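Enquirer: I have a structure I would like to understand better, so I am pasting it below and will then ask my questions one at a time.
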Amino acid sequence: MNSQRPTAPPPLGRTPHHIGIIMDGNGRWAQARSLPRFAGHQAGVDNIRRILESCVEFGVKVLTIYAFSTENWHRPPDEVSGLMRLLGLTIQRQLNELHKNGVRILHSGRMDGISHHLQEQIRHALDVTRYNDRITLNVAFNYGGRAEILDAVRRIIADGIDPEALSEELFSQYLYTSALPDPDLIIRTGGEWRLSNFLIWQAAYAEYYATPTYWPDFDEKELYNALAEYDRRERRFGRVPSPS
Ligand code: IPE
Ligand code: IPE
Ligand code: MG
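Numbering (this note's numbering), first residue to last: 32 to 275.
Below is the structure:
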């Protein structure tokens, strides 16, 4: 018997249906290697693939990734334009493979402010992959939770909704994520313990998991650890604990 052989991690009981990831730490990852911040963003994009595949293997059906916040416009102009270019390039290079792998792509965020060409690329990616059902990759790009709520309120008013008829369910239908169930688990890499305006309505009862690992280093094993932690949590939704 070989005692050196690594034991397989125990199987997970409950897997989250929808995970949101705040992919933070790209800049520090690059800095630690004396590379420009942009190299960190590129490494970050490469990591999306492996985590997406790993999510499929674990049975996760929706992955929302925070790629660019409404506040990220305040970064230096060359970093902002680099991030815009990176999304365009990623769509160009990876759309076929994502489509072949059964990934449905959604976008959460404002189109205003994004160049006309990039808007076209985003619409094309959504259109091509709209019938795929292996996993949904929802890209939060030019996304802010407060902007999303304001956009919803504006449309509710424009639709002339009777204030008495407005419910949480109806309100959710006006959010960018109307096609999706609420996230069960929010993961933040890079060591901070804050939401930074991510899914502030939808994550009301999500479990929260933070790790110091920078996003480009967040691998399958780290994802497993987050899922195992989720599995150990008891979600109560304001009720009293269930008798064991
Ligand atoms: C997250 O990494 C990616 C984006 C916000 C686009 P950061 O760029 O915030 O990396 P740090 O936090 O500076 O290390
Ligand atoms: C959150 O990271 C936004 C994204 C990951 C896209 P930030 O680095 O922008 O957040 P703060 O500034 O630390 O709150
Ligand atoms: Mg950051």
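Positions of the beta carbon are idealized from the N, C-alpha and C atoms, including for glycine. Note that this is a predicted model, so its numbers are computed, not measured.
Excluding five sequence neighbours on each side, which residues of the same chain lie with their C-beta closer than 7 Å to the C-beta of F172?
Expert: Cβ within range, chain order: A98, F99, L118, H138, G140.
Enquirer: Can you give me the C-alpha to C-alpha distance between L254 and L216, rounded to a whole angstrom?
Expert: For L254 and L216, the distance between alpha carbons rounds to 11 Å.
Enquirer: For G56, which residues of its own chain have a beta-carbon under 6 Å away from its beta-carbon, when the five flanking residues on both sides are left out?
Expert: The answer, listed in chain order, is T220, G221, Y245, W246.
Enquirer: Count the C-beta pairs between the region 174-193 and the region 145-155 that are closer than 8 Å, then say yes if the count reaches three, no if not.
Expert: Judged by Cβ distances under 8 Å, the region 174-193 makes no contact with the region 145-155, as fewer than three pairs qualify.
Enquirer: Taking the runs of the alpha helix (DSSP H) that are 4 residues or longer, which of them lie wholly in the region 144-192?
Expert: Within the region 144-192, the complete alpha helix (DSSP H) runs of at least 4 residues are 147-159, 176-189.
Enquirer: The alpha helix (DSSP H) that contains A70, what's its start and end?
Expert: From DSSP, the alpha helix (DSSP H) with A70 extends over 68-89.
Enquirer: Kindly examine ligand 1 and report whether one of its heavy atoms sits closer than 7 Å to the Cβ of N57.
Expert: N57 Cβ: within cutoff of ligand 1.
Enquirer: If you drop the 5 nearest sequence neighbours on each side, which residues of the same chain put their C-beta closer than 6 Å to that of G113?
Expert: Within the same chain, G113 has close Cβ partners F69.
Enquirer: Who are the Cβ neighbours of M32 in its own chain at under 7 Å, not counting the five residues just before and after it?
Expert: In this prediction, M32 scores a pLDDT of 49, lower than 50, which makes its location untrustworthy; the coordinate-derived value is nonetheless stated afterwards. Excluding residues within five positions, none has a Cβ falling inside 7 Å.
Enquirer: My guess is that L258 and T46 are in contact by the Cβ rule of under 8 Å, so how many angstroms apart are they, rounded?
Expert: Yes, they are in contact, since the Cβ atoms of L258 and T46 sit about 6 Å apart, within 8 Å.
Enquirer: Pull up the distance between the alpha-carbon of R270 and that of G44, whole angstroms please.
Expert: Near 22 Å, if we compare the C-alpha coordinates of G44 and R270.
Enquirer: Buried or exposed for A235, going by 16 or more other Cβ atoms inside 10 Å?
Expert: Exposed, because fewer than 16 other Cβ atoms sit within 10 Å of the Cβ of A235.
Enquirer: What residues are listed by DSSP as bridge partners for H138?
Expert: Note: H138 sits in a beta bridge opposite V170.
Enquirer: Counting pairs of Cβ atoms below 8 Å between the region 69-84 and the region 150-163, do you hit three or more?
Expert: These segments do not touch.
Enquirer: Is M32 helix, strand or coil by DSSP?
Expert: Because the pLDDT of M32 is 49, which lies under 50, any placement of that residue in the model is unreliable, and the number read from its coordinates should be weighed accordingly. In the structure shown, M32 sits in coil (DSSP, three-state: anything other than H, G, I, E or B).
Enquirer: In terms of residues, what are the limits of the beta strand (DSSP E) holding F268?
Expert: Counting along the chain, F268 falls outside any beta strand (DSSP E), and DSSP gives it neither H nor E.
Enquirer: Under the DSSP definition of a beta bridge, which residues are partnered with G51?
Expert: Beta-bridge pairing links G51 to T95, I217.
Enquirer: Do you know whose CA, among W224, Q150, F229, I231, lies nearest T242's CA?
Expert: Selected option, being the one with the closest Cα: W224.
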